[in-house]
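**Student:** My questions all concern the structure below.
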Amino acid sequence: MKNLANTLAGVMLVVILGACSQQELDEPAAAATSESAEEFVARANVELAELSREMGAAEWVRSTYITQDTAVIAAAASEKYAKWHGGMVQQALAYDGQELSPETQRAIDLLKLGTSLPTPNDAAKRKELTLIATELEGMYGAGQYCRNGDDCISGSDLEGLMQTTRDYDELEDLWTGWREITPPMRDKYQRYVELVNEGAGELGYGDLGEMWRAGFDMSPAEFEGEASRLWEQVKPLYEELHCAVRAKLGDHYGEDIVPQDAPIPAHILGNMWAQEWGAIYDIMEPYPGVSDLDVDSTLETKDFSPQEMVRSAENFYVSLGMDRLPDTFWERSQFSKPQDREVVCHASAWGLDGGNDLRIKMCIKQTYDELRTIYHELGHNYYQAAYKDQPPLFQGSAHSGFHEAIGDTVTLSMTPNYLKEVGLVASAEESEQAVINRQMQMALDKIAFLPFGKLIDEWRWGVFSGAIKPENYNQAWWDMRTKYQGIAPPNDRSEATFDPGAKYHIPGNVSYTRYFLARILQFQFQRALCETAGHEGDLASCSVYGSKEAGNKFFAMMQSGQSEPWQDALEKLTGTREMDATAIIDYFAPLMGYLKEQNEGRSCGW
Ligand code: X8Z
Ligand code: ZN
């Protein structure tokens, strides 16, 4: 289901069984002059629902059963959708320049944006592109690193090892080994870029990057400015964190290995992509032993099953007044990694059948990190459930960052007191030192992520626009990783590999700015929800667990789906129409003070 509007996470346009016949779908008719714009939109909604059902089924099977055959099935479904979509956009041209109601106009605008994989109208090229896109994602999903031929480690196991291993050379081996999946992706990616750009051009966009940036109720150029503005707001906090982390890693590995005036080696940050650094909290812990919120060990001691972990997340949403997940969710989701076949382990949430058939697809491990990912994924499912009564073209999030921010907002309520209340930790300390420790733990994930979240699409925007040429894919990638994140690869990289392909969302064709925006929005959302819940005190100590008032406000915003500009949705929830990083900065003010103190006398930067 990734190829529709907002993609992944079932963030897509939906699935309600429609009435139109197969033949009508295969051969989009030229717009009947007698069809009013309203009638056209109504027909689009019906047809979209039917196509989504078919595509959802094909995509689900493909993602949970990677074989040659499911590639054919998924590519065929995606091709069919693409053909329909191209035809409908052509037909919609008939209404250009007509005076339409805002609702009809919005539906037509969203229809035009209704794919993340625009394909050329040429049948052969359309087929070629949908197959390439399916194959690329499959290569990632089935990817593994084989040492000495038969000692093979899957992507999700490698991800786990990167978190716990501390041996420098071993880490480098795992890091480099995973990137061996990428050379065969390079040519395919290059061709994919040519074809998606051709498709985007036919829809009236300069290139796919421009099309992605057009999905934010402002011009692509304005959006680019917004993303930069937000980054500038949070950059000082990132720079202090980077400085403190580099110093501690220097202590741990030696300053000859981690020089204090250079970028940090990318493989020692506890994460395959150096995107979130929470796994090296043991190295960073400001006050050792103070308020050790060891959820990992509770999960292990109590031997939580994947289902029990999902129940824990569901219980949170239910405490806000939302419904329990349907039986079909429990029957149809993939919670664990199957042993007998390849699957895409990267977590996702699906809103099939118009949001009536909710599922998650994960390979759940018994860790706190995974537990938070489950809370994140259920945020998608509850959003999908909330907007399911909207017409299919409005079934989506206010903007893609909203979809990612719902579950993340909920994780902000996983305070020590909450964890204690639900039995995930034995005690919750509230001393100043405990606060700093917890803030460090959170910042290693939430703040460390920001430049990564920003640069992934900046690289792709450059690739799609042609500013980054195929012969420079890797070089440009590492230039941006260094510029934004202050990290460097542990060994020489060349254009023989395709390191961007080692990150799911690149071969998976999922735009990424959504996650950057979500990291900022979630604090704005949380600030508003905490006010509604009547929380007193600082934002970091607030959990809205159990607050029906907060839940109602959240749900009301989610119910609108994408029927109105995101600024309206944001205003409903927060009272403001602008994305703004002051909430995240206020939240981490205590940590910022601590970091500045620690970094005194150090020369920061790279
Ligand atoms: O892809 C995801 C979710 C699925 S929507 C698990 N995330 C990004 C990533 O893993 O790179 C969540 C955080 C960022
Ligand atoms: Zn998500």
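Residues are numbered in the numbering used here as their position in the sequence shown, beginning at 1, plus a constant of 893. Using N, Cα and C, we set each Cβ at its ideal position, and we do this for glycine too.
For the candidate residues GLN1326, TYR1261, GLY1048, TYR958, whose alpha-carbon lies nearest to that of TRP1068?
**Tutor:** Of the candidates GLN1326, TYR1261, GLY1048, TYR958, the one whose C-alpha sits nearest the C-alpha of TRP1068 is GLY1048.
**Student:** Would you please state the rounded distance, in angstroms, between the beta carbons of ARG1386 and ASN1365? I believe it to be under 8 Å.
**Tutor:** In fact, because the Cβ distance is near 12 Å, the residues do not count as touching under 8 Å.
**Student:** Near ASP1110, which residues of its chain fall below 8 Å by C-beta distance, leaving aside the five closest residues on each side in sequence?
**Tutor:** Taken in chain order, the residues that qualify are HIS1292, PRO1458, TRP1459, GLN1460.
**Student:** Got a sec: does the ligand X8Z put a non-hydrogen atom nearer than 7 Å to the Cβ of GLN1168?
**Tutor:** Yes, the beta carbon of GLN1168 sits closer than 7 Å to at least one heavy atom of the ligand X8Z.
**Student:** Measure the C-alpha to C-alpha separation of ALA930 and LEU993 and round it to an integer number of angstroms.
**Tutor:** Approximately 8 Å between the Cα atoms of the pair.
**Student:** Would you tell me roughly how many angstroms separate the C-alpha atoms of LEU1343 and GLY1034, rounded to the nearest one?
**Tutor:** Answer to the nearest angstrom: the Cα atoms are 25 Å apart.
**Student:** How many angstroms separate the CA atom of GLU1095 from the CA atom of SER1112?
**Tutor:** If you take the alpha carbons of GLU1095 and SER1112, they lie about 18 Å apart.
**Student:** Is it the case that the stretch 1017 to 1027 contacts the stretch 963 to 971, given that we only count it when at least three CB pairs across the two stretches are under 8 Å?
**Tutor:** Counting Cβ pairs under 8 Å, three or more are found: they touch.
**Student:** Can you find a C-beta in chain D that's less than 8 Å from the C-beta of TYR1146?
**Tutor:** Looking at the structure shown, chain D is missing, and only one protein chain is on hand.
**Student:** Confirm the yes/no value for this check: CB of HIS978, any heavy atom of the ligand ZN, distance under 7 Å.
**Tutor:** No, the ligand ZN has no heavy atom inside 7 Å of this Cβ.
**Student:** Given a threshold of 16 other Cβ atoms within 10 Å of its Cβ, counted over all protein chains shown, does MET981 qualify as buried or as exposed?
**Tutor:** That one is buried.
**Student:** Mind checking who ALA951 pairs with in its DSSP beta bridge?
**Tutor:** Looking at the DSSP assignment, ALA951 forms no beta bridge with any residue, so it has no partner.
**Student:** Regarding THR1475 and the ligand X8Z, is the C-beta to nearest heavy atom distance less than 7 Å?
**Tutor:** Answer for THR1475: no, Cβ out of range of the ligand X8Z.
**Student:** Within a Cβ cutoff of 6 Å, which residues of the same chain sit near TYR1180, ignoring the five residues on either side of it in sequence?
**Tutor:** Contacts found: GLN1326, ASN1330.
**Student:** Which residue's Cα is closest to the Cα of ARG1412: LEU1051, GLY1359, HIS1269?
**Tutor:** Nearest option by C-alpha distance: HIS1269.
**Student:** Do the stretch 1461 to 1468 and the stretch 1225 to 1239 touch if we need at least three Cβ pairs shorter than 8 Å?
**Tutor:** These segments do not touch.
**Student:** Quick check on THR1475: buried or exposed, where buried means 16 or more other Cβ atoms within 10 Å of its Cβ?
**Tutor:** By the neighbour-count rule (16 or more Cβ atoms within 10 Å), THR1475 is not buried but exposed.
**Student:** So, is GLY1494 buried or exposed, given that buried needs 16 or more other C-beta atoms within 10 angstroms?
**Tutor:** So GLY1494 counts as exposed.
**Student:** Roughly how many whole angstroms lie between the Cα atoms of MET1177 and GLY1171?
**Tutor:** Taking the straight line from one Cα to the other gives about 9 Å.
**Student:** Taking DSSP as the reference, what is the three-state secondary structure of LEU1271?
**Tutor:** In the structure shown, LEU1271 sits in a helix (DSSP, three-state: H, G or I).
**Student:** By the three-class DSSP mapping on this structure, what secondary structure does LYS1230 have?
**Tutor:** Three-state DSSP puts LYS1230 in coil, outside helix and strand.
**Student:** Cα separation between MET1055 and CYS1045?
**Tutor:** Near 15 Å, if we compare the C-alpha coordinates of CYS1045 and MET1055.
**Student:** List the DSSP bridge partners of GLN1037.
**Tutor:** SER1047, per the DSSP bridge assignment.
**Student:** Do SER956 and LYS1446 have their C-beta atoms closer together than 8 Å?
**Tutor:** No; because the gap between Cβ atoms is not below 8 Å, this pair is not in contact.
**Student:** Within 7 Å: the Cβ of THR1266 and any heavy atom of the ligand X8Z?
**Tutor:** THR1266: yes, Cβ under 7 Å from the ligand X8Z.
**Student:** ASP989: buried (16+ other C-beta within 10 angstroms of its C-beta) or exposed?
**Tutor:** Classification of ASP989: exposed, given that the 10 Å Cβ count is below 16.
**Student:** Do you know whose CA, among ASP1100, GLU1207, LEU1051, LEU1162, lies nearest ALA1395's CA?
**Tutor:** Of the listed residues, the one whose Cα sits closest to ALA1395 is LEU1051.
**Student:** Three or more beta-carbon pairs under 8 Å between the stretch 1144 to 1163 and the stretch 1266 to 1284, yes or no?
**Tutor:** The stretch 1144 to 1163 is not in contact with the stretch 1266 to 1284.
**Student:** Helix, strand or coil, according to DSSP, for ILE1157 in the structure here?
**Tutor:** In this structure, ILE1157 counts as strand in the three-state DSSP scheme.
**Student:** Taking the alpha-carbon positions, what's the ALA1093 to LEU1251 distance?
**Tutor:** Those two C-alpha atoms are separated by around 30 Å.
**Student:** What separation, rounded to the nearest whole angstrom, lies between the Cα atoms of PRO1309 and ASP1080?
**Tutor:** Taking the straight line from one Cα to the other gives about 48 Å.
**Student:** Could you give the residue range of the alpha helix (DSSP H) that holds GLY1147?
**Tutor:** It is not in any alpha helix (DSSP H) - GLY1147 carries neither H nor E in the DSSP assignment.
**Student:** Could you check if GLY1097 is buried or exposed, using at least 16 other CB atoms within 10 Å of its CB as the buried criterion?
**Tutor:** GLY1097 is exposed by the Cβ-count criterion.
**Student:** Nearest to GLY1053 by alpha carbon, out of VAL1303, PHE1228, GLU1351, ILE1173?
**Tutor:** Answer by Cα proximity: ILE1173.
**Student:** What does SER1241 pair with, by DSSP beta-bridge criteria?
**Tutor:** BP columns for SER1241 point to LYS1254.
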